[in-house]
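Using our numbering, you'd call the opening residue of the sequence shown number 12 and step up by one each time.
The structure appears below as structure tokens.
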Amino acid sequence: MPTSFTVVPVEAQGEERDGQPQEEEQEEDERDRSSGDGVARESSPFINSAEMERGNVYEGKNMALFEEEMDSNPMVSSLLNKLANYTNLTQGVVEHEADEDSKRKEVKVPRMGTCIGVYLPCLQNILGVILFLRLTWIVGTAGVLESFIIVFMCCACTMLTAISMSAIATNGVVPAGGSYYMISRSLGPEFGGAVGLCFYLGTTFAGAMYILGTIEILLTYITPSAAIFKAEEVSEETEAMLNNMRVYGTCIIILMAVVVFVGVKYVNKLALVFLACVILSIIAIYAGVIKTAFDPPDFPICLLGNRTLSKRSFDVCAKFTESNNETKTTALWSLFCDSPLLNATCDDYFNLNNVTEIQGIPGIMSGVLSDNLWSAYSEKGSIVEKKDQPSVAGSEETKMSGLPYIFTDIMTYFTMLVGIYFPSVTGIMAGSNRSGDLKDAQKSIPTGTILAIATTSFIYLSCIVLFGACIEGVILRDKFGEAVNGNLVVGTLAWPSPWVIVIGSFFSTCGAGLQSLTGAPRLLQAIARDGIVPFIQVFGHGKANGEPTWALLLTAGICEIGILIASLDSVAPILSMFFLMCYMFVNLACAVQTLLRTPNWRPRFKYYHWTLSFLGMSLCLALMFICSWYYALIAMLITGCIYKYIEYRGAEKEWGDGIRGLSLNAARYALLRVEDGPPHTKNWRPQLLVLLNLDSEQLVKHPRLLSFTSQLKAGKGLTIVGSVLQGIYLDKCTETQKAEENVKALMGVEKTKGFCQIVVSPSFRDGISYLIQSAGLGGMKHNTVLMAWPQSWKQTENRFSWKNFVDTVRETTAAQQALLVAKNIDLFPTNQERFTEGSIDVWWIVHDGGMLMLLPFLLRQHKVWRKCKMRIFTVAQMDDNSIQMKKDLQMFLYHLRLNAEVEVVEMFENDISAFTYEKTLMMEQRSQMLKQMQLSKNEREREAQLIHDRNTASRSTPAVKTSVTAAAPEKVHMTWTKEKFVAEKHKNKDLNVSGFKDIFNMKPEWGNLNQSNVRRMHTAVKLNGVVLNKSQHAHLVLLNMPGPPKNRKGDENYMEFLEVLTEGLDRVLLVRGSGREVITIYS
């Protein structure tokens, strides 16, 4: 049967929905601006723009069902549109998800691909000064095999780091900041700031190293005559060279800083020229190697015996020459002899050994590789010698300083060479540092960086073998090319001319120095603008176009420190430490993220594994200590100090970093391992649940309770600060957040380390019960409840406060938890106060598991109570031997390792005083009054005032005064004996029976009192008198807290007993144990 139906457009449905007035819709719209649950949603992590206009959201009625959500949850189409138009921030700006970004202007920059943006910059930064100035020397000193190991270790380190970096870089958008951004967002602001500053220092010192290399090439190989400081003697050459480095280096830093300040575009334009110089130089080296196979260059070396001679001061490599049948001495003769005559007195070694000349570049087919396989380490000042050359040792007393030998300028050993070489493999971050300028950073950074490392590793490893196979060992060990007329050693191998290498290396080191002075200030600017290191925030400012002016000045200043060191070999290990530190944390970041398996860890680069990251991290750490153990410790100390400074200043950044995730995993693991039960007595400490009362403004009523908590805990163990708001959670969620903020702020002020938990409950009583039952997690639950004494429990308008208090006491007992009640909490000391003398008095009436002993010990660990002495009082009954009790107690404290004064107080049973009866009578009358539900508030107030007046009158009666005065001298006796006991018993019996009957006859209503209440009141009054007598001036009194009555009808009487027990004492801590032992004499 065909069905008839009508298609109604959705828009028409919306129009015909109802005829509701427009005003109602507007009101409803205003009311529903927030999301349905009333919770402000977090801004989207994908977009970095201001909130979208509401007008665009509600176009059409297709999504009317979701219109209440539109404010906090944008439509998918809007989100994708924003994401598609997303632009990376300019170099050095804070991450895109920060709030400040909405206020900043986005500057569009031209986008670069993999080759121009990553591969070539990495190639230029990696290939540099060490390759041209030190690699030949490293090969000659360490030998081909050990040099191969050095280079392989360093290249493996950077390759593993690049794999880790690629994984991090492809796990989401990487804005400007490069390596700093990756580390800080993966390991948190503390590690990010510390390692970011280390990377900044490394980049800055790298600039100094490149500048020193530039000056070395200039003054040693291009224009030696340009030196300002000249050496008159050979021994002064090193010092003169260092001074020249300092002067020229300072000038070049100023010049480069001006170039960078004027505009980075000039540096970028020159970058390709500098890179072309590097590539041409390397091609020239390979071309020269090929040429040596069939036509080695002519670079003769002059040897005296097996010692290499510097040819700067002579031309002919011979002792004398034959000319026209006449023998003439050479310039070399004059250097070793006292006159040019043949009968002159000459150096002993010169007389005994012949002068020979060998080729410095024998060529790749010569077989010299076998001679250069092994190391030739030497002490500082040693002569560079050829191993297999015949030599006759001369006199040891010969002075060497003025002779034209080639000496080693520093002591050489394997680990030192690692430190000098490692900077030649740094520069792998050049691509990631430009992440803000890349077209597709997630694709370009891994491809470009790994290709650049593979290329440079091949170049370095092949150069080691080729240098060892083509160049004579003594030339390789000749750092400054003195044996080849002051030529650059690697230049002697190059084709078509050594000047190709000299000029190429000069421009490449200049370019690398400029790149460092360009990149380092931007890195510092990125760190400064993040705001995690407060003292460098000034360096976040710059010119209107974003150029970091102040950061450039600081960078130039730090770079000058490296220039003043002046030695390339001394600066290289310093920057090695900082780079290795940075690489180590990149590997750590990748390993942590991989092991945690966080849902957000989804790198597009798949060729990584946590074992590779861990291996890279271990290799970085090993290389740090291989290079220089003391530099490694200094770098770690600097990083640690920055880390603690950021942590101390409170870097309030939540970047979802791996360390937070690692902490959560570690906490979960530890919680699962902790037994869900009571710990061993030796491990017991009070894990506190602190119950706070809040006023109508959600402020804490008794802040001193948190002060006392921090004094008791001293940052150890678990502390949960809880409070209850009365009402329904949906109505009270805003007040709950406000209360939590206030409590956390106060915890910060009072230095209370712990957790805050606010519970909303229909009744205050139930909320306290929920906290006692459910606070904590697993084995990390509280075992002790700390609360303030309800001072206003007697006020009739607050008639339920005492019921809540008594029920809390019962519940802690039922939950087998200890209870601490601080009376007069507002009189307790703050954390800034210091007691210079006085005592903490413990009244040990009944055994509660040792809580009374343990608490004073814990309090005295804090500065407030440290100088207070501990006194322990215990009460002896009639049949107790007080002397033996004192000895036993002293021995017990000795075994507990507690220092305290001990006193035993004896209390005998005397008759109940009139004051006690009067107190009990008032208590029962007040209890009866509270039970009369029909009394009006005014009547209750008058009744309360009447009781107060009666109380005052009873205290002032002469009979009571006489009674108390008469009893006072007889309250305390030091020792009981049997005779004294019998005499005292008869004395009381004879003297007090008649008096008691007289008093009883005076107040007939006393006969109707509950005798149980009378006895309890008697104990309270009696004990209070003894405590006042001994501890009235104590800074704190700890007292056993009696339990509430089993019959709930007498709860209000229980409060009166406690009030009488503690009357007249300033600071009291009532302690009720949990029923288990918390202190032990065993180790």
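The beta carbon of each residue, even a glycine, is placed where N, CA and C say it ideally should be.
Keep in mind the model is a prediction, meaning the values are calculated, not measured.
- DSSP places cysteine 521 inside the alpha helix (DSSP H), whose first and last residues are 509-541.
- Of the candidates Ile836, Ser587 and Val140, Ser587 places its Cα closest to the Cα of leucine 644.
- Contact holds between the stretch 694-707 and the stretch 787-802, because three or more Cβ pairs, one in each stretch, are under 8 Å apart.
- The C-beta separation of isoleucine 574 from alanine 219 comes to about 5 Å, placing the pair in contact by the 8 Å criterion.
- Comparing C-alpha distances from valine 258 to each of Thr460, Phe240 and Leu1050 shows the shortest one belongs to Phe240.
- Counting along the chain, the unbroken beta strand (DSSP E) around alanine 887 starts and ends at 880-887.
- In terms of Cα proximity to isoleucine 569, the closest of Val582, Gly557 and Glu558 is Val582.
- When Asn892, Ala153, Pro307 and Ser350 are compared, the shortest CA-CA separation from tryptophan 506 is found for Pro307.
- Linking glutamate 493 to methionine 256 through their CA atoms gives a straight-line distance of about 19 Å.
- With a cutoff of 8 Å on beta-carbon distance, isoleucine 470 and alanine 173 are scored as not near each other.
- Sequence-distant Cβ neighbours of alanine 237 in its own chain, meaning closer than 8 Å and more than five residues away, are Leu229 and Leu230.
- C-alpha of valine 760 to C-alpha of phenylalanine 433: approximately 48 Å in a straight line.
- Here leucine 788 has Leu682 as same chain residues with Cβ atoms under 7 Å from its own Cβ, once five neighbours each way along the sequence are excluded.
- DSSP places glutamine 370 in the uninterrupted beta strand (DSSP E) bounded by 366-370.
- Where leucine 314 is concerned, the enclosing beta strand (DSSP E) starts and stops at 311-315.
- Segment contact: the stretch 421-440 against the stretch 625-643, three or more CB-CB distances shorter than 8 Å; contact assigned.
- Residue environment for glutamate 201: buried (at least 16 other C-beta atoms within 10 angstroms of its C-beta).
- Assigned with DSSP and collapsed to three states, methionine 896 falls in helix.
- When Cβ pairs closer than 8 Å are counted between the two stretches, the stretch 866-875 is seen to touch the stretch 838-845, the count reaching three or more.
- Within the same chain, Cβ atoms closer than 8 Å to the Cβ of asparagine 676 are found at Leu607, the five residues on either side in sequence being excluded.
- Between cysteine 474 and leucine 138, the C-beta spacing is not below 8 Å.
- Between leucine 223 and alanine 567, the C-beta spacing is not below 8 Å.
- For tryptophan 385, no alpha helix (DSSP H) run applies, since DSSP gives it neither H nor E.
- Distance check between tyrosine 388 and each of Thr152, Pro373 and Asp706 places Thr152 closest, using alpha-carbon atoms only.
- Sixteen is the threshold: since fewer than 16 other Cβ atoms of the shown chains lie within 10 Å of the Cβ of serine 774, the residue is exposed.
- Secondary structure at aspartate 1062: helix, using DSSP grouped into helix, strand and coil.
- Annotation: the continuous beta strand (DSSP E) that includes arginine 1083 extends over 1079-1083.
- The closest CA to that of tryptophan 813, considering only Trp804, Arg821, Val269 and Leu535, is found on Trp804.
- In the three-state DSSP reduction, tyrosine 654 falls in the helix class (H, G or I).
- The Cβ atoms of asparagine 1051 and tryptophan 612 lie no closer than 8 Å to each other.
- Around the beta-carbon of aspartate 349, fewer than 16 other beta-carbon atoms lie within 10 Å, marking it exposed.
- The stretch 329-341 and the stretch 373-388 do not touch, with fewer than three beta-carbon pairs separated by less than 8 Å.
- Taking a 10 Å sphere around the C-beta of aspartate 541, we find 16 or more other C-beta atoms and assign the residue as buried.
- Between glycine 860 and alanine 786, the CB-CB gap reaches or exceeds 8 Å.
- Across the structure, serine 402 and isoleucine 149 are spaced so that their CA atoms are roughly 25 Å apart.
- Our two residues, glycine 392 and glycine 413, have alpha carbons roughly 13 Å apart in a direct line.
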